[in-house]
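Asker:
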Amino acid sequence: MTDTSTDKCIPNNCKLLRKTDLEPCFWINEHVHTGYRPPHLSTMQYVKWIFQWNNETINIWTHLIGFFYFTWRQYTTNVYFLPATNANPTDYIIISACLFGLQICMLLSTFYHVFGAINAEQRRRFLRLDTFGISAGLISIYLLGIYTAFLCFEEWQNHYFAFLFGISLVAIYLPLSNNIRKVVLFGSPFKCTHLIYLTIVTLGFGPTIHWIFLHGGISSEYVMEWLPNLFVLYATSGSAFLFYISMFPERLKPGVFDLVGYSHQWWHLLIFIAMWYWQNSMLDYLATHRLDSNYCLISNRLSNITSAT
1 MTDTSTDKCI PNNCKLLRKT DLEPCFWINE HVHTGYRPPH LSTMQYVKWI FQWNNETINI
61 WTHLIGFFYF TWRQYTTNVY FLPATNANPT DYIIISACLF GLQICMLLST FYHVFGAINA
121 EQRRRFLRLD TFGISAGLIS IYLLGIYTAF LCFEEWQNHY FAFLFGISLV AIYLPLSNNI
181 RKVVLFGSPF KCTHLIYLTI VTLGFGPTIH WIFLHGGISS EYVMEWLPNL FVLYATSGSA
241 FLFYISMFPE RLKPGVFDLV GYSHQWWHLL IFIAMWYWQN SMLDYLATHR LDSNYCLISN
301 RLSNITSAT
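In our numbering, the protein residues as written are 1 to 309.
1. Kindly list the residues whose CB is nearer than 8 Å to the CB of Glu250, restricted to its own chain and excluding five residues on each side of it in sequence; keep chain order.
2. Taking only the alpha-carbon atoms, compute the straight-line gap between Phe165 and Trp49 and give it to the nearest angstrom.
3. Rounding to the nearest angstrom, what Cα-Cα distance links Gly66 and Gln103 in this structure?
4. Is it buried or exposed, Cys25, if we count other Cβ atoms within 10 angstroms and call 16 or more buried?
5. Can you tell me whether Phe231 is buried or exposed? The criterion is at least 16 other CB atoms within 10 Å of its CB, across all chains shown.
6. Measuring CA to CA, which of Arg123, Pro83, Leu64 is closest to Leu41?
7. Just how far apart, CA to CA, sit Lys191 and Leu198?
8. Kindly confirm or deny that the region 140-160 and the region 277-290 touch, where touching means at least three C-beta pairs closer than 8 Å.
9. Are Ile139 and Ala171 closer than 9 Å when you measure CB to CB?
10. Mind reading off the beta-carbon distance from Trp266 to Ala235? Whole number of angstroms is fine, and I expect it under 8 Å.
11. Report the partner residues of Leu102 according to the DSSP bridge assignment.
12. Please state if the CB of Ile271 and the CB of Ser237 are separated by a distance shorter than 9 Å.
13. Between the alpha carbons of Leu297 and Phe153, how many angstroms are there, rounded?
14. Span of the alpha helix (DSSP H) holding Thr85?
15. How many angstroms separate the CA atom of Leu99 from the CA atom of His63?
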């Protein structure tokens with residue numbers, strides 16, 4: 001094992017390592033061979049590595065940019081967007097909480113990819129934070145969807161809030177449980193954690209089908225206008241998950257995609273795109289509701305027609 005510990009090592013004169021120079025816990029995956037930063041450097045040295053090319057550069061910047069974007073959206077949404085849409089105090093609280101969850105997701109992911117090479121113990125700690133960030137992002141996506149979709153059906157909205165509370169307990173427990181996170185299913189890298197997250201995401205079809213029914217069925221104008229947004233969310237995040245699990249394309253040509261194009265980079269990019277698209281779509285949905293005083297009257301009429309048939 002190569003000794004890479006040195007107080008004088010800085011990004012400009014530190015040599016990037018191969019995976020054979022490192023313990024397996026520092027590998028991105030078995031098919032990414034080069035571009036690794038040396039372990040056992042100082043915190044400030046890893047901060048400097050943000051601006052030097054390595055196999056974590058794209059992972060860092062996709063979600064660091066994501067954090068800055070959602071921070072900007074937090075400001076513009078509260079200062080400009082919500083006041084212009086006649087939003088009520090609950091709108092401000094829910095939307096701010098959702099955007100904060102997306103900020104946390106992006107920031108903790110960035111921390112993991114910046115500081116995860118310090119040592120094995122720190123890598124485990126930052127991975128736990130990263131997992132917590134994933135849970136925060138997932139809960140935020142759920143909350144934003146449930147709140148806006150059932151604005152006209154307060155009783156059902158409260159039921160789904162209770163449903164979301166149960167999901168949140170599971171999602172928050174995942175990063176705290178070492179035993180669950182280590183259980184491997186069907187071979188690496190598919191673990192019990194991934195199965196639980198996949199199950200949570202799949203449960204989202206339940207509220208979706210109910211929302212379609214309440215708004216007059218699949219042929220309803222409202223459903224046809226807004227349902228494609230959910231398809232985009234699932235297609236984008238589903239594609240991200242497939243990249244993550246399959247380790248495509250680097251498993252086809254190990255070592256070729258070490259710096260640009262390996263699966264985890266696609267996972268990062270697509271997750272950011274999914275979150276960006278969903279929060280914009282749901283804010284538009286909220287604006288449509290708040291700016292049309294007859295929106296709930298029409299929705300309830302459609303619901304009654306569907307129930308009668």
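All residues carry an ideal CB built from backbone N, CA and C; glycine is no exception.
Answerer: With the structure as the only source:
1. Here the question's residue 250 lines up with position 250 in the sequence shown. Cβ within range, chain order: Asn29, His31, Val32, Val256, Phe257, Asp258, Gly261, Tyr262, Ser263.
2. Locating residue 165 in the sequence shown gives position 165, counting from the first residue. Locating residue 49 in the sequence shown gives position 49, counting from the first residue. About 39 Å.
3. Indexing the sequence shown from 1 puts residue 66 at position 66. Indexing the sequence shown from 1 puts residue 103 at position 103. Cα to Cα, Gly66 sits roughly 8 Å from Gln103.
4. For the purposes of this step, residue 25 is taken as the residue at position 25 of the sequence shown. Taking all protein chains shown into account, Cys25 has fewer than 16 neighbouring C-beta atoms within 10 Å of its C-beta and is therefore exposed.
5. As a first step, residue 231 must be located in the sequence shown, where it is residue number 231. It counts as exposed.
6. Taking the first residue of the sequence shown as 1, we reach residue 41 at position 41. The residue with the shortest Cα to Cα distance from Leu41 is Arg123.
7. Residue mapping note: residue 191 aligns to position 191 of the sequence shown, counting from 1. Residue mapping note: residue 198 aligns to position 198 of the sequence shown, counting from 1. Distance between the alpha carbons of Lys191 and Leu198 is about 11 Å.
8. The region 140-160 is in contact with the region 277-290.
9. Residue mapping note: residue 139 aligns to position 139 of the sequence shown, counting from 1. Residue mapping note: residue 171 aligns to position 171 of the sequence shown, counting from 1. Ala171 sits close to Ile139, with the two beta carbons spaced by under 9 Å.
10. Your numbering for residue 266 matches position 266 in the sequence shown. Your numbering for residue 235 matches position 235 in the sequence shown. At roughly 14 Å, the Cβ-Cβ gap does not stay under 8 Å, so Trp266 and Ala235 are not in contact.
11. Residue numbering aside, residue 102 sits at position 102 when the sequence shown is read from its first letter. Residue pairing for Leu102: DSSP places it in no beta bridge.
12. Along the sequence shown, one-based indexing puts residue 237 at 237. Along the sequence shown, one-based indexing puts residue 271 at 271. For Ser237 and Ile271, yes; Cβs fall inside 9 Å.
13. Residue 297 sits at position 297 when you count from the first residue of the sequence shown. Residue 153 sits at position 153 when you count from the first residue of the sequence shown. Whole-angstrom Cα-Cα distance: 11 Å.
14. Counted from its first residue, the sequence shown places residue 85 at position 85. Thr85 -> no alpha helix (DSSP H), and no H or E assigned at all.
15. Working through the sequence shown from its first residue, we reach residue 99 at position 99. Working through the sequence shown from its first residue, we reach residue 63 at position 63. If you draw a straight line from the Cα of Leu99 to the Cα of His63, it comes to about 14 Å.
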